[in-house]
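Residue numbers (numbering that gives the first Met the number 0), protein chains in the order written: chain A, 0 to 697; chain B, 0 to 147.
Glycine residues also receive a C-beta, built at the ideal position from the N, C-alpha and C atoms.
Take a look at the structure below.
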Amino acid sequence: MSSPSAGPSCCHADDLAGSASGMERELAHELTLLRRKLTVASVLTALVMLSSLPHMLGVHALPFLPGWFTSPWTQLVLSAPVLLWCGREFFTGAWAAFRQHSADMNTLVAAGTGIAWLTSLVATLAPQLLTNEGLPADVYYETAVVILTLVLLGSLMEARARGQTSEAIRRLLQLQPPTARVLRDGAVQEIPVALVVVGDLVQVRPGEKLPVDGVVEEGNSWVEESMLTGEPTPVEKGPGDAVIGASMNRSGSFSFRVSRVGTGTVLAQIVELVRQAQSSRTRVQRLADQVVGWFVPAVIALAIAAFVVWFLVSGNPVLAMLFLVSVLVIACPCALGLATPTSIMVASGKGAENGLIFRSAEALETAGGLRTIVLDKTGTLTRGQPAVTDFECLPAGRLPAQALLAAVAALEERSEHPLAEAIVAFSRPQLQDPQLPAVEGFEAVAGRGVKGRTGGMNVLVGTPRWLSELGLEITALEPLAARLEGSACSVAAVAVDGRIEACFGIADPLKPSAVAAVAALRRLGIEVVMLSGDARRTAEVVASQVGIERVIAEVRPADKAAVIRRLQEQGEGPVAMVGDGINDAPALAAADVGLAMGTGTDVAIAASDITLISGNLAGVPAAIELSRHTMANIRQNLVFAFAYNVAGLPIAAGLLFPLTGWLLSPMIAGGAMAFSSVSVVSNALRLRRFRPTPLAAS
Amino acid sequence: MTSFVAAAAALTSGEPLWRTIEQPLVLRLAVTAAGLALIAAELWWFLARHGEAVAAREGERGLQEITITVDGGYSPARVRLIAGRPVRLTFHRLDPSGCVAKVIVPDFRRSLDLPLNARTSLELPAMEPGEYPFHCGMAMVRGVLEVV
Chain A
0 MSSPSAGPSC
10 CHADDLAGSA
20 SGMERELAHE
30 LTLLRRKLTV
40 ASVLTALVML
50 SSLPHMLGVH
60 ALPFLPGWFT
70 SPWTQLVLSA
80 PVLLWCGREF
90 FTGAWAAFRQ
100 HSADMNTLVA
110 AGTGIAWLTS
120 LVATLAPQLL
130 TNEGLPADVY
140 YETAVVILTL
150 VLLGSLMEAR
160 ARGQTSEAIR
170 RLLQLQPPTA
180 RVLRDGAVQE
190 IPVALVVVGD
200 LVQVRPGEKL
210 PVDGVVEEGN
220 SWVEESMLTG
230 EPTPVEKGPG
240 DAVIGASMNR
250 SGSFSFRVSR
260 VGTGTVLAQI
270 VELVRQAQSS
280 RTRVQRLADQ
290 VVGWFVPAVI
300 ALAIAAFVVW
310 FLVSGNPVLA
320 MLFLVSVLVI
330 ACPCALGLAT
340 PTSIMVASGK
350 GAENGLIFRS
360 AEALETAGGL
370 RTIVLDKTGT
380 LTRGQPAVTD
390 FECLPAGRLP
400 AQALLAAVAA
410 LEERSEHPLA
420 EAIVAFSRPQ
430 LQDPQLPAVE
440 GFEAVAGRGV
450 KGRTGGMNVL
460 VGTPRWLSEL
470 GLEITALEPL
480 AARLEGSACS
490 VAAVAVDGRI
500 EACFGIADPL
510 KPSAVAAVAA
520 LRRLGIEVVM
530 LSGDARRTAE
540 VVASQVGIER
550 VIAEVRPADK
560 AAVIRRLQEQ
570 GEGPVAMVGD
580 GINDAPALAA
590 ADVGLAMGTG
600 TDVAIAASDI
610 TLISGNLAGV
620 PAAIELSRHT
630 MANIRQNLVF
640 AFAYNVAGLP
650 IAAGLLFPLT
660 GWLLSPMIAG
670 GAMAFSSVSV
680 VSNALRLRRF
690 RPTPLAAS
Chain B
0 MTSFVAAAAA
10 LTSGEPLWRT
20 IEQPLVLRLA
30 VTAAGLALIA
40 AELWWFLARH
50 GEAVAAREGE
60 RGLQEITITV
70 DGGYSPARVR
80 LIAGRPVRLT
90 FHRLDPSGCV
100 AKVIVPDFRR
110 SLDLPLNART
120 SLELPAMEPG
130 EYPFHCGMAM
140 VRGVLEVV
């Protein structure tokens, strides 16, 4: 199914900050009201408890309490506001849900406390109804108000914790400064960010935050992008370099031309991706969701059954009522419902803080169970900026170097392949005549090379394997190719009119983090495989430099996805592919988890499940660690929530009484319920302390 | 704590934990029957499917539109849509409970914050026939888009 990320929608990313602050105000209002209600409820509940002290102790009167204070009428008056005002939302909420044929926590709380209170009301107004049956006209006002107060306390703590789970998005949104200094009508004006348009020239002073994305026009500076990319070291920026909004300018001043505003900026895209991840479901959660759907109706059924059984056993309707109330108020569907989403919320926010953008909860879930990681060589392990290190004409060659370089440059200029760019960059400055010869019949063969006619010659530039496949004699080339490949160079051979004339050795330096990241992955117990389009020898040399034993070389771009599928079929467990978001898109999509390396200034995410914004390989082990922590956290939450309900319900129903003599007071049941959802949310918040293990110095 | 204290008191004094009352058989049968009937009624009320899906109306540009009131639940909770056409869902939240402050459509990875007493819209692309659930932040309150 398609998942529109930038589709039209209202109340979407355009007013990201607006809607967030609206919800914050609502949460703040909710917290204030809850606090006020809790205060009133606590005072009244303390008084009701004091009033019912003689009854609890099983005595008729206590010397320090006047008779009127311990009367049921006093308790009725004191408890009424707790139910009618402090706990009003539970009752209105339960009624609204009931009309919609749905039942939730409100239903359980309202039914439990309402029944206890109404029974007491009957005992107060018409005690003879009970005494005629030989039952004491006991009241349970304190039970009702204690439960409501505890649940209110639970709601308050939960609302507070819930606010903290979305902290990460709030912090991201706050990164954008409110105003920008823009050159308009020949003068610098400070205007709100919302009014900045593409093409504006923005001025940035030392220590200022960049308001939007753009390209530097004038000036030089160091810019800190850590808040978006997780990269701690500042990046040098000069004319022509891309800069991103929300990054921090250090010492220099510069001006930049705005290229993206509003929802187009990297910051807005990150926020949107994190939101999307937080709105998706994990597989484990679907199970919890199914349970939650019938949970409350099942609890109500169990409560009624407990009433009937205890009535049959004891003949005592008041005792049976207490069991009914205990069962209703101990059940906590919220703990089940909250178990996964809270952890996912915190974890995806934590990821964003470290420059790891998870596209869905499922990506977060799968990454922890990865067994095999396939790393693309070029651009992932290496910088992706290849440069020619050797150019050699074969001894048997007929053409002069100048003519060869001119012909090769003319051909390669038409190709967009990074190796072609490297060859052009090498050849051009060496040509005496800057005018390149014309090219006819140009053709680029993916992963192999280019061919065409230029200067009256048929010229081929490509891998020795391709030339050999075309039937060319490459024996003379082999010793040279072997030497170059042995020093981790890719070899591009040049053939003119069917004869090999020369060859280029092209090297792509390793990323500084490559060795340590591969070691970290292996420490995590993951098999690391390198995938490369290069010749086997070249690929093997690079692999041994970074500590990878398994190499799949000479794979053309179109076959990368097939390699991933083959690994999956071989039962290598879930397979991840790490590559760039564009060329490797099919392989990223084929993998169980596709990780795309960003460039720091663009969120190239098309097919990826996880984007490493900075392109730093350290993000790969960090993403796996975060995923493992998150899944452990979710499992703890679910086990706790299920165990709590599975253990609590039978105890509350009095099932253990015949065996152990355990009876559970409804008040204790209410307290247990309130704190079970609080503990789930608090456990999820522990993920905020996650720090990826730093890579060992390479 | 009443029952704990009473139970402890009863155990130490050697009295029975509760007062057992001999109830007439008729009453015991009646309570049992009433209890079972109540369980059946309650399960039917909450779990059985109630009412048919409400069809979205035709809006401009082939957009299907429907307003869903959020008050204790989603009304309508079942929305019937025609396959192959985009839809705009407008949520009108009247319920102050924090639980329904967010609605999630997991199949589209979309979530929407719903300010209280306001209408908030969400557009979804054309869908293939099938059922697409939506629910609140904790998945307690649920609805479903029935695409035919």
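Contact with chain B by residue i, beta-carbon distance below 9 Å
i             : result
residue 333/A : yes
residue 134/A : yes
residue 275/A : yes
residue 101/A : yes
residue 5/A   : Only weak support is given to the placement of residue 5/A: the predicted model assigns it a pLDDT of 36, under 50, and the value that follows is read from those uncertain coordinates. Output row for residue 5/A: interface = no.
residue 293/A : yes
residue 672/A : no
residue 337/A : yes
residue 269/A : no
residue 307/A : yes
residue 120/A : no
residue 284/A : yes
residue 13/A  : Bear in mind that the predicted position of residue 13/A carries a pLDDT of just 39, short of 50, making it unreliable; the figure below should be weighed with that in mind. Closer than 9 Å: no.
residue 313/A : yes
Residue i Cβ short of 8 Å to the ligand ADP heavy atom set
i             : result
residue 142/A : The model on display carries no ligand, and the ligand ADP is accordingly not part of it.
Residue range of the alpha helix (DSSP H) that includes residue i
i             : result
residue 543/A : 535–545
residue 446/A : Looking at the DSSP string, residue 446/A is not in any alpha helix (DSSP H), and its letter there is neither H nor E.
residue 628/A : 618–651
residue 669/A : 665–684
residue 222/A : Here residue 222/A belongs to no alpha helix (DSSP H); instead the beta strand (DSSP E) covers 220–223.
residue 54/A  : 52–56
residue 162/A : 140–164
N-terminal and C-terminal residue of the beta strand (DSSP E) that residue i is part of
i             : result
residue 530/A : 526–530
residue 135/B : 129–135
residue 71/A  : Segment 71–80 is the alpha helix (DSSP H) holding residue 71/A; no beta strand (DSSP E) there.
residue 333/A : Residue 333/A -> not in any beta strand (DSSP E); alpha helix (DSSP H) instead, spanning 332–352.
residue 191/A : 186–191
Cβ-Cβ distance between residue i and residue j below 9 Å
i             : j             : result
residue 229/A : residue 355/A : yes
residue 70/B  : residue 109/A : no
residue 365/A : residue 583/A : no
residue 79/B  : residue 55/B  : yes
residue 41/A  : residue 148/A : yes
residue 381/A : residue 508/A : yes
residue 187/A : residue 255/A : no
residue 220/A : residue 239/A : no
residue 209/A : residue 245/A : yes
residue 263/A : residue 212/A : yes
residue 75/B  : residue 142/B : yes
residue 89/B  : residue 121/B : yes
residue 516/A : residue 503/A : no
residue 370/A : residue 207/A : no
Any chain A beta carbon closer than 9 Å to residue i
i             : result
residue 145/B : no
residue 84/B  : no
residue 66/B  : no
residue 81/B  : no
residue 55/B  : no
residue 128/B : no
residue 136/B : yes
residue 59/B  : no
residue 4/B   : Here residue 4/B scores only 42 on pLDDT, less than 50, and its place in the model should not be relied on; the value that follows carries that caveat. Yes, residue 4/B counts as interfacial toward chain A.
residue 63/B  : no
* Asked: Contact between the region 176–189 of chain A and the region 349–363 of chain A: three or more CB pairs below 8 Å?
  -> no
* Asked: Where in the region 375–435 of chain A do unbroken runs of the beta strand (DSSP E), each at least 3 residues long, occur, reported from the N-terminal end onward?
  -> 386–392
* Stretch-stretch touch, CB-based, cutoff 8 Å, three pairs: the region 97–116 of chain A with the region 139–153 of chain A -> yes
* beta strand (DSSP E) runs contained entirely in the region 247–321 of chain A, provided each spans 3 or more residues -> 253–259
* Asked: How do the region 676–684 of chain A and the region 627–639 of chain A stand: do at least 3 beta-carbon pairs fall below 8 Å, yes or no?
  -> yes
* What are the complete beta strand (DSSP E) segments, minimum 3 residues, inside the region 42–82 of chain B? -> 63–69, 77–80
* To do: Run through the region 101–125 of chain B for me and flag every whole beta strand (DSSP E) of 3 or more residues, listed as ranges in chain order.
  => 101–104, 109–112, 118–123
* Spell out a yes or no on whether the region 329–336 of chain A and the region 642–651 of chain A are touching, meaning 3 or more CB-CB pairs, one atom from each, closer than 8 Å. => yes
* **the region 474–494 of chain A / the region 530–538 of chain A touching (three or more Cβ pairs under 8 Å)** => yes
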